[in-house]
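Right, one structure below, let's go through it.
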Amino acid sequence: MTFLDMLRQAEQTNGSMLCVGLDPDPARFPASLKGDAGRIFDFCARIVDATADLAMAFKPQIAYFAAHRAEEQLEKLMRHMRSAAPHVPVILDAKRGDIGSTAEQYAIEAFERYGADAVTLSPFMGFDSVAPYLQYHGKGAFLLCRTSNPGGDDLQNQRLSSVPGEPLLYEHVARLAQGPWNLNGQLGLVVGATYPAEIERVRALAPTLPLLIPGVGAQGGDALATVKAGWRPEGQIIVNSSRAILYASAGDDFADAARREAIKTRDTLRAARAA
Ligand SMILES: O=C(O)c1cc(=O)[nH]c(=O)n1[C@@H]1O[C@H](COP(=O)(O)O)[C@@H](O)[C@H]1O
Numbered sequence: 001m002t003f004l005d006m007l008r009q010a011e012q013t014n015g016s017m018l019c020v021g022l023d024p025d026p027a028r029f030p031a032s033l034k035g036d037a038g039r040i041f042d043f044c045a046r047i048v049d050a051t052a053d054l055a056m057a058f059k060p061q062i063a064y065f066a067a068h069r070a071e072e073q074l075e076k077l078m079r080h081m082r083s084a085a086p087h088v089p090v091i092l093d094a095k096r097g098d099i100g101s102t103a104e105q106y107a108i109e110a111f112e113r114y115g116a117d118a119v120t121l122s123p124f125m126g127f128d129s130v131a132p133y134l135q136y137h138g139k140g141a142f143l144l145c146r147t148s149n150p151g152g153d154d155l156q157n158q159r160l161s162s163v164p165g166e167p168l169l170y171e172h173v174a175r176l177a178q179g180p181w182n183l184n185g186q187l188g189l190v191v192g193a194t195y196p197a198e199i200e201r202v203r204a205l206a207p208t209l210p211l212l213i214p215g216v217g218a219q220g221g222d223a224l225a226t227v228k229a230g231w232r233p234e235g236q237i238i239v240n241s242s243r244a245i246l247y248a249s250a251g252d253d254f255a256d257a258a259r260r261e262a263i264k265t266r267d268t269l270r271a272a273r274a275a
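Residues 1 to 275 in the UniProt record's numbering are what the sequence shown spells out, letter by letter.
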């Protein structure tokens, strides 16, 4: 089954557009685990188990594992997600982007070492930095397009006077991803929930691509505006929330609290689609 098939199936099975982001920070763990990087797997597995029937995708952020020498725990977590939530695709948030030969190694890391279904990439180095990931037919690759952070303006909102029609850089990325770069239909785009007007613009330029949309929850993005701007019957959205779910409670009830927060976010997204 391809990544896109998995996304569709998870959306239907769980009735959800919510991506549960796994950004484990031991300093924010509940008292019984606090500060212990050896418990990253335990913490994340509890979150996965509590939200497996609520998520359209899981998105582990690789830096939160690598920073704590916890790559083996990430491997174990990937296996756990496969067995506890086999119907939920996993997007490895790695934001890679490098020359082709190095990108080949990163692609091996994402798809063979970790067994991810999709990966996040920076398109900044051009098509040959993306191409190695497309060799893995059926896997997904989300290109950063209009990111959720304020500094995204610095480059992404610059006008490209050399390109006919003079698009902004993020608009150009959206066109490339919907068109010439999408050789095997594997590409999606990352657009921040903090910029609904830009989500709408990206959706107009890329009507059928899946959009990974982080920024609801801790970053304050507007879930209703996000769904209105991005969701279309032929264009899926995967709306990520990480810290608001992971740290919904600082106590030992953290998994129950994460479940309650995930239900709340899932339902808000659902209601926005129906509105
Ligand atoms: O690619 C991403 O996932 C991403 C892109 C973006 O524009 N903004 C953004 O916040 N992210 C990631 O999405 C997650 C957001 O986390 P919360 O703000 O805690 O919900 C983090 O893992 C970020 O690295």
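Heads up, the beta-carbon is just placed ideally off N, CA and C, and yes, glycines get one too.
query	result
Those runs of the alpha helix (DSSP H) which lie wholly inside the segment 39 to 84 and span at least 4 residues	40 to 51, 63 to 66 and 71 to 84
Counterpart residues of THR120 in DSSP-defined beta bridges	PHE142
Residues near MET78 by beta carbon distance below 6 Å, same chain, minus five either side	TYR114 and GLY115
Nearest to TYR171 (by Cα), restricted to the options ASN184, LEU155 and GLY185	A small correction: the amino acid at residue 171 is Glu; Tyr does not occupy that position in the sequence shown. Considering only alpha carbons, the answer is LEU155.
Environment of ligand 1 in chain order, Cβ to heavy atom below 5 Å	GLY21, ASP23, GLN61, ASP93, THR120, THR147, SER148, VAL190, GLY192, PRO214, GLY217, ALA218, GLN219, SER241, SER242 and ARG243
Span of the alpha helix (DSSP H) around ALA258	254 to 274
Where ALA37 sits in the DSSP three-state scheme	helix
Three or more C-beta pairs below 8 Å linking the segment 225 to 235 and the segment 131 to 151	no
Entirely enclosed beta strand (DSSP E) segments - the segment 142 to 215, minimum 3 residues	187 to 191 and 211 to 214
Segment contact flag, the segment 55 to 69 with the segment 22 to 31, C-beta cutoff 8 Å, min 3 pairs	yes
PHE249 to GLU166 span [Cα, whole Å]	The residue asked about is misnamed: residue 249 is Ser in this sequence, not Phe. Those two C-alpha atoms are separated by around 47 Å.
Nearest residue (CA-CA) to LEU209, options ILE199, ALA218, GLY215 and GLY217	ILE199
Rounded C-alpha distance that separates ALA243 from VAL216	In the sequence on display, residue 243 carries Arg and not Ala. If I take the Cα positions, the gap works out to 10 Å.
CB contact flag (ALA57, ILE91, <7 Å)	yes
Close-in-space but distant-in-sequence residues of the same chain around GLY235 (CB under 8 Å, 5 per side omitted)	ARG203, ALA206, PRO207, THR208, LEU209, PRO210 and LEU211
Assumed close pair VAL88, ALA31 - CB separation to whole angstroms, cut-off 8 Å	Actually they do not touch by this definition, with Cβ atoms about 29 Å apart.
Assigned secondary structure, GLY21 (DSSP; H/G/I helix, E/B strand, else coil)	strand
Of the listed residues THR51, LYS139 and PRO123, nearest to SER241 (C-alpha basis)	THR51
Own chain partners of THR13 with C-beta closer than 6 Å, once the 5 adjacent residues on each side are dropped	HIS87
Cβ shell of SER129 (< 7 Å), same chain only, five flanking positions each side left out	GLY97, ASP98, ILE99, GLY100 and ALA103
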